[in-house]
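Q: Read left to right, the sequence shown gives residues 35 to 435 (my numbering).
All C-beta atoms in this analysis are idealised placements derived from N, C-alpha and C, irrespective of residue type, glycine included.
Dropping the structure in here first, questions after.
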Amino acid sequence: MVYASNAKKLAPLGSSQANEALNNTVGSKAPKIRHYGSSKSNDFHVACAVGQKNLGHSYVSQAFMKTQLSPGSNSLKFAKKMDKRILNLKEKPKTREYKKKRIEKKEKWLKKTKQLENREGQQYSSGMCFDGHNAAQEIPAPPAASKMEKVLLNKDYHQIIFDLETSGKGNDAEILQIAATDGKDEFSIYVKPCHVISSEASAVNKLTFQRGMLFYDGKPITDVVAIDVKALKKFTEWLKSRMPCILVAHNCKSFDARFLVQAAEKNGVMDDLAKTVSGFTDSLPAFRELLPERKSHSLENLVQDLLCKSYEAHSALADVHTLYQLVNKFLNVKLLQKHSFKVSWVASYQKLLKEKNLLVNTLQPLIREKYISASMAIKCASSGLGLHHLQVVYQRGKEEG
């Protein structure tokens with residue numbers, strides 16, 4: 035028999051595919067759900083399986099001929115068809131194309147396994163519990179940005195145009211002025227900065243800070259609050275009488291909303307802001323959609339071309355009154371709602387940016403040594419990878435990692 039002659043191969047627990055194939059054949063002839071095991075016919079069912087294994091499907095016609103019975107033309111055709119099919123299945127693995135494809139599949143599987151092990155650590159190997167293997171540190175998956183939810187603008191909402199002036203554009207920039215209007219009333223407050231105002235910011239907003247005093251266009255400002263927490267509380271109190279409200283600003287998503295939420299979180303008034311304000315709307319992409327043929331959608335150019343009047347740029351209070359005219363004259367509720375977003379999204383996006391900046395800072399040694407470019411460092415950080423993650427991957431997979 036086949037198994038007796040291959041006992042040495044089976045003894046050290048080699049491949050058991052042939053054995054499993056026979057078990058499968060026996061199961062097809064004597065299925066367990068029929069419980070042939072306790073019947074007298076069980077031996078015949080098993081004998082049929084063995085006959086099919088050794089002789090092929092023609093064992094039926096051979097048994098018929100042995101007993102001098104006609105096997106029938108359909109039985110012969112079926113047996114010939116099935117034997118040919120099995121022969122093709124046996125010969126196919128021997129072909130060059132099949133072997134090549136099998137090698138490609140194996141390489142692809144090994145590559146995928148290696149990638150997973152680089153990210154998650156080795157999950158299985160012989161004796162891995164006894165060799166001090168540590169797979170506890172997992173490489174994080176790319177962080178997923180929270181879904182931007184639109185603000186539902188019903189008939190009761192109040193549209194508040196607001197604008198901020200800051201000491202710079204970086205994450206450490208301070209708010210210098212908050213201005214807002216609902217068309218009937220206005221709000222404006224100046225904040226004394228703790229640090230210097232950048233020359234670039236001063237050139238735009240005309241605000242300077244000298245000898246502990248804040249100046250606008252060279253003139254001292256007298257009504258200045260010392261810390262921005264007072265300004266934020268006064269602003270939220272002004273907004274509470276106009277609830278539910280949505281804050282509208284030009285370039286709101288990239289600038290005004292970001293700095294307002296950042297200051298609110300820093301000064302512990304984030305809960306009040308989130309309860310008072312339903313969300314934000316950015317008028318810049320709204321005008322881009324409304325007027326796609328225009329080359330510039332800056333506030334200054336929109337005022338000159340659409341309102342046909344001169345414009346004193348970057349006085350926050352003047353900005354909000356001018357933007358109020360533009361928004362109410364040209365933008366409808368549908369456009370404002372389309373480009374709206376909730377306060378919670380800004381907070382989660384701020385958190386994502388903060389984590390990204392921390393990861394970029396860890397990659398600075400690689401940038402200085404010119405192993406990676408600054409843009410590549412930003413891509414790595416956006417994927418949730420810092421220097422310590424790259425070190426773990428290198429330890430696990432060396433250059434392949």
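Does the Cβ-Cβ distance between aspartate 262 and alanine 283 come in under 8 Å?
A: No.
Q: So does lysine 74 have its beta carbon nearer than 7 Å to some heavy atom of the ligand MG?
A: Only the bare structure without any ligand can be found here, which leaves the ligand MG out of the picture.
Q: For the segment 414-434 against the segment 383-399, do three or more pairs of beta-carbon atoms, one drawn from each stretch, fall closer than 8 Å, so that the two count as touching?
A: A contact exists between the segment 414-434 and the segment 383-399.
Q: Using C-beta distances below 6 Å, list every residue in its chain close to aspartate 353, excluding the 5 sequence neighbours before and after it, in chain order.
A: Cβ neighbours of aspartate 353 beyond the five flanking positions: Asp197.
Q: Which whole-angstrom value describes the C-beta separation of glutamine 338 and valine 185, a residue pair presumed to lie in contact below a C-beta threshold of 8 Å?
A: In fact, because the Cβ distance is near 30 Å, the residues do not count as touching under 8 Å.
Q: Where do the N-terminal and C-terminal ends of the alpha helix (DSSP H) with histidine 79 fall, by residue?
A: Element bounds for histidine 79: 76-89.
Q: Return yes when the Cβ of isoleucine 194 is within less than 8 Å of the Cβ of alanine 213, no when it is not.
A: Their beta carbons are not under 8 Å apart, which means alanine 213 does not touch isoleucine 194 by this criterion.
Q: Which word fits histidine 167, buried or exposed, when buried means at least 16 other C-beta atoms lie within 10 angstroms of its C-beta?
A: In this prediction, histidine 167 has a pLDDT of 48, which is less than 50 and means its spatial position is unreliable; nothing more can be read from the coordinates.
Q: In three-state DSSP terms, what is serine 73?
A: If DSSP states are grouped into helix, strand and coil, serine 73 belongs with coil.
Q: From the DSSP output, read off the bridge partner residues of glutamine 193.
A: BP columns for glutamine 193 point to Ile280.
Q: Run through the DSSP bridge pairs and tell me what proline 254 is partnered with.
A: Per DSSP, Phe249.
Q: Can you tell me whether phenylalanine 293 is buried or exposed, with buried defined as 16 or more other CB within 10 angstroms of its CB?
A: Looking at its Cβ environment, which holds 16 or more other Cβ atoms inside 10 Å, phenylalanine 293 is buried.
Q: Within its chain, find whatever has a CB closer than 8 Å to the CB of valine 295; leave out the 5 residues flanking it on each side and keep chain order.
A: Met304, Leu307, Val377, Val380, Ala381 and Gln384, listed in sequence order.
Q: Suppose the cutoff is 7 Å on Cβ atoms and the five residues either side in sequence are ignored; what does the same chain contact list for histidine 373 look like?
A: Result list for histidine 373: Thr315, Asp316, Pro319 and Ala320, in chain order.
Q: Kindly indicate which residue of Arg119, Ser75, Gln86 and Ser236 has the alpha-carbon position closest to the one of glutamate 199.
A: That would be Ser236, whose Cα lies nearest to the Cα of glutamate 199.
Q: How far does the alpha helix (DSSP H) with glycine 61 in it reach, from first residue to last?
A: Per DSSP, glycine 61 belongs to the alpha helix (DSSP H) from 51-63.
Q: Do the CB positions of arginine 276 and histidine 192 come within less than 8 Å of each other?
A: Contact: yes.
Q: Below 8 Å between beta carbons: does that hold for threonine 270 and threonine 242?
A: Cβ atoms of threonine 270 and threonine 242: not closer than 8 Å.
Q: Would you say alanine 83 and valine 60 are within 8 Å of each other, going by their C-beta atoms?
A: Cβ atoms of alanine 83 and valine 60: closer than 8 Å.
Q: Could you check where the alpha helix (DSSP H) with leucine 333 kicks off and where it finishes?
A: First-last of the alpha helix (DSSP H) with leucine 333: 333-336.
Q: Out of curiosity, what's the CA-to-CA distance linking aspartate 206 and proline 176?
A: Their Cα atoms are separated by approximately 26 Å.
Q: For the candidate residues Pro326, Lys363, Ser349 and His355, whose alpha-carbon lies nearest to that of leucine 340?
A: Closest option to leucine 340, Cα to Cα, is Lys363.
Q: Nearest CA to the CA of leucine 333: which residue from Pro254, Tyr250, Gly313 and Asn285?
A: Nearest option by C-alpha distance: Asn285.
Q: Going by the DSSP bridge assignment, what does tyrosine 428 pair with across the sheet?
A: DSSP, once it has assigned bridges, lists no residue as partnering tyrosine 428.
Q: When you compare the segment 222-230 with the segment 400-419, are there three or more beta-carbon pairs, one atom per stretch, that lie closer than 8 Å?
A: Contact fails: fewer than three Cβ-Cβ distances are below 8 Å.
Q: Select from Phe289, Lys63 and Lys148 the residue whose C-alpha is nearest the C-alpha of glutamine 429.
A: Of the candidates Phe289, Lys63 and Lys148, the one whose C-alpha sits nearest the C-alpha of glutamine 429 is Lys148.
Q: Which runs of the alpha helix (DSSP H), 4 residues or longer, sit entirely within the segment 350-386?
A: DSSP runs (the alpha helix (DSSP H)) wholly in the segment 350-386: 350-364 and 367-372.
Q: Tell me the DSSP secondary structure of valine 230 in three-state form.
A: Three-state DSSP puts valine 230 in coil, outside helix and strand.
Q: Can you tell which of Ala52, Asp77, Gln51 and Ser72 has the C-alpha that lies nearest to the C-alpha of lysine 63?
A: Looking at the Cα atoms, Asp77 is the closest of the given residues.
Q: Taking its Cβ as the centre, do 16 or more other Cβ atoms sit within 10 Å of aspartate 219, making it buried, or is it exposed?
A: Counting Cβ neighbours within 10 Å, aspartate 219 comes out exposed, since fewer than 16 surround it.
Q: Among residues of its own chain, excluding the 5 on either side of valine 367, which ones have a beta-carbon nearer than 6 Å to its beta-carbon?
A: Closer than 6 Å at Cβ, skipping near neighbours: Leu187.
Q: Helix, strand or coil for threonine 129, going by three-state DSSP, please let me know.
A: Here threonine 129 sits in coil by DSSP.
Q: With the cut-off set at 8 Å, would you say alanine 265 and valine 225 are in Cβ contact?
A: Yes, these two residues count as a Cβ contact at 8 Å.
Q: How many angstroms separate the CA atom of leucine 351 from the CA atom of aspartate 190?
A: Going by the C-alpha atoms only, they are around 25 Å apart.
Q: I'd like to confirm the pairing. Which residues does DSSP put opposite tyrosine 345 in its beta bridges?
A: Paired residues: none, contrary to the question.
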